[in-house]
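The sequence shown lines up with residues 11 to 310 when you count with my numbering. Note that CB positions come from ideal geometry on N, CA and C, so glycine has one too. Keep in mind the model is a prediction, meaning the values are calculated, not measured.
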Amino acid sequence: MRCEHCGKPLEKGEKFCPECGLPVDFREDWGQDWVLKEEPPKERGRNGKNSRKTAAAVIAAAALALVLLLQNLSVIPLLFSGGPGDVGFGSPEETAEAFAREIASNDLEGALDLFGTEHILANFDSVSYLERMGSWFAGQTDAYPSSETIFGDAKREIRRALAAQQILLMCFSLKADEEYIEFGEMAGGAEAFGEELEKVCDLDQLDTFRILRMDPYTPLEYWGDRGEQDPYSELAAISGADDWEEYLVLYEYDGQTYQGGMTFLCYEDRWYVQYLYRERATPFLQKMSESEYLATPGLE
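See below:
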């Protein structure tokens, strides 16, 4: 099985593509596990865990199903029609701080401009990318030549759409636990589920979103069996960038702290966001104290 976005071969049971981070596992059983049940939900236990787990599962199902269904129908790219251009800063830290400010201001377009789309399109090495993948797959959108107008324009829309998807899932995780990415039954019916979803997506404290700290990160066993080859240099070269960096990030929202990740590309002394994840292969933030964050293996 291959990732439908980048063509990366997938191991059985993988929930996220290790290359591009998109969720992939549920596609094999699409339509089988999604069950609408109209009977009342099970009685809430004393600690509320049963209903909480049910809500967690169903919220994940709807959110991810909607996003990925729209992506497959080519709707998401149409919703984001380009931007005024890339916005970069002199260091990854400055770029990350700017990203957090845009999110806190509820400014999606401003956040998208920090992803360096135009620079990546202008410098991406399609041949090196194909050599790294080792095979051809029509869904490998990065492999198409940006110099051809229709393909370059399409790749621009796809990249901005995928960046928007990462932001959507990151923001969703601020009030939705990581277990919400699992599929489950809509116990209680669609109406009750919809009410729960409204609560989770009500980010009434978004203006409190900020970065408390960020640290260079070296993922353990990240690159697999490639000897002494520097993975960062190769990743930078494929994107035609001067440098490539990965960071762990400690965010704060409404008094709660979260661990996330960001990767950055550097073009002509300006740093741009590449992904909101890498080694963890998901933009979902993980609730974590600062002491737990500092104990993360691989943190420099």
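Selection from the options that minimises the alpha carbon distance to residue i
{"i": "Glu255", "options": "Gly271, Tyr261, Asp264", "result": "Gly271"}
{"i": "Glu244", "options": "Ala305, Asp217, Asp135", "result": "Asp135"}
{"i": "Tyr227", "options": "Leu304, Met196, Glu278, Ile221", "result": "Leu304"}
{"i": "Arg170", "options": "Gly204, Asp217, Leu122", "result": "Leu122"}
{"i": "Pro102", "options": "Asp279, Glu205, Asp187", "result": "Asp279"}
{"i": "Glu104", "options": "Leu118, Pro19, Cys276, Ser145", "result": "Cys276"}
{"i": "Gly120", "options": "Ala202, Ala174, Thr218", "result": "Ala174"}
{"i": "Leu213", "options": "Glu158, Thr306, Ala114", "result": "Ala114"}
{"i": "Tyr261", "options": "Met180, Thr306, Arg220", "result": "Arg220"}
{"i": "Pro19", "options": "Phe203, Ser145, Ile160, Thr306", "result": "Ser145"}
{"i": "Ile168", "options": "Thr127, Glu300, Asp217", "result": "Thr127"}
{"i": "Glu206", "options": "Ala186, Pro307, Asp217", "result": "Ala186"}
{"i": "Cys13", "options": "Phe147, Glu208, Gly198", "result": "Phe147"}
{"i": "Asp350", "options": "Gly199, Ala202, Gly265", "result": "In this structure the chain extends from 11 to 310, so residue 350 is not present and cannot be described."}
{"i": "Glu302", "options": "Glu195, Val283, Gln269", "result": "Gln269"}
{"i": "Leu178", "options": "Thr306, Glu21, Ala251, Leu118", "result": "Leu118"}
{"i": "Tyr287", "options": "Thr159, Tyr154, Leu172, Ile160", "result": "Leu172"}
For residue j and residue i, believed in contact at Cβ under 8 Å, the rounded distance
{"i": "Asn133", "j": "Ser249", "result": "6 Å"}
{"i": "Gln215", "j": "Pro293", "result": "Not quite, the Cβ-Cβ distance comes to about 19 Å (not below 8 Å), so this is no contact."}
{"i": "Cys211", "j": "Phe182", "result": "7 Å"}
{"i": "Met180", "j": "Leu295", "result": "6 Å"}
Residue i and residue j closer than 7 Å at C-beta
{"i": "Val259", "j": "Met224", "result": "yes"}
{"i": "Leu184", "j": "Tyr263", "result": "yes"}
{"i": "Ser156", "j": "Gly149", "result": "no"}
{"i": "Asp152", "j": "His129", "result": "no"}
{"i": "Tyr285", "j": "Thr267", "result": "no"}
{"i": "Phe125", "j": "Trp281", "result": "no"}
{"i": "Arg166", "j": "Leu131", "result": "yes"}
{"i": "Asp253", "j": "Ala246", "result": "yes"}
Residue range of the unbroken beta strand (DSSP E) whose run includes residue i
{"i": "Tyr268", "result": "266-277"}
{"i": "Glu119", "result": "Taken as a continuous stretch (DSSP letters only), Glu119 belongs to no beta strand (DSSP E), being part of the alpha helix (DSSP H) at 118-122."}
{"i": "Gln284", "result": "280-285"}
{"i": "Trp254", "result": "253-263"}
First and last residue of the uninterrupted alpha helix (DSSP H) at residue i
{"i": "Tyr227", "result": "It is not in any alpha helix (DSSP H) - Tyr227 carries neither H nor E in the DSSP assignment."}
{"i": "Tyr303", "result": "300-304"}
{"i": "Val137", "result": "136-143"}
{"i": "Val210", "result": "199-210"}
{"i": "Glu112", "result": "102-114"}
{"i": "Leu387", "result": "Only positions 11 to 310 of the chain appear in this structure, which leaves residue 387 out of reach."}
{"i": "Leu131", "result": "127-133"}
Segment contact flag, the stretch 107-122 with the stretch 138-154, C-beta cutoff 8 Å, min 3 pairs: no
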